[in-house]
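In my numbering, the protein residues as written are 210 to 334.
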């Protein structure tokens, strides 16, 4: 088993954006401690570009200050294998993009009570 930053086991790629990717991972610790986490790391081809690195660091700083039940918590921020990474709470479930895409694939519109509920909870954050 190869651990990222000596304590995170990457399990599967959960998503990729313009400058970073998010992995479903497990934090490993003493005495068999295991906790599911999300690990976001800057993409390798951006890891040496100062502008993208600064943006990623700023994202980590801002996100670490946000505290709300509807916002994931940040657990760790570090540097390993030539790139910065951000460790966050892992929440099982369907992300909003996949949720909407599932309706779109069926040529359907998501029911308004569900959309309204998601919108209200997002605005609370």
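Just so it is clear, CB atoms sit at the ideal spot from N, CA and C, and this is done for glycine as well.
DSSP on residue i, reduced to helix/strand/coil?
| i | result |
| --- | --- |
| residue 291 | coil |
| residue 234 | strand |
| residue 221 | strand |
| residue 252 | coil |
| residue 215 | coil |
| residue 226 | coil |
| residue 308 | helix |
Taking residue i and residue j to be in contact with their CB atoms under 8 Å, please state how far apart those CB atoms are, rounded to whole angstroms.
| i | j | result |
| --- | --- | --- |
| residue 218 | residue 212 | 6 Å |
| residue 224 | residue 234 | Rounded, the Cβ-Cβ distance is 13 Å, inconsistent with contact. |
| residue 237 | residue 243 | 6 Å |
| residue 296 | residue 285 | 4 Å |
| residue 249 | residue 229 | 5 Å |
| residue 305 | residue 329 | Contact flag wrong, Cβ pair sits at about 14 Å. |
Start and end of the alpha helix (DSSP H) containing residue i?
| i | result |
| --- | --- |
| residue 323 | 321 to 333 |
| residue 271 | 259 to 274 |
Which residues bound the beta strand (DSSP E) around residue i?
| i | result |
| --- | --- |
| residue 303 | Looking at the DSSP string, residue 303 is not in any beta strand (DSSP E), and its letter there is neither H nor E. |
| residue 318 | Looking at the DSSP string, residue 318 is not in any beta strand (DSSP E), and its letter there is neither H nor E. |
- Query: Would you say the stretch 282 to 299 touches the stretch 239 to 254, given that touching needs at least three Cβ pairs under 8 Å?
  - Reply: yes
- Task: Determine, using beta-carbon pairs with one atom in the stretch 276 to 285 and one in the stretch 296 to 311, whether at least three such pairs fall under 8 Å.
- Result: As far as the Cβ criterion goes, the stretch 276 to 285 touches the stretch 296 to 311, which means the pair count is three or higher.
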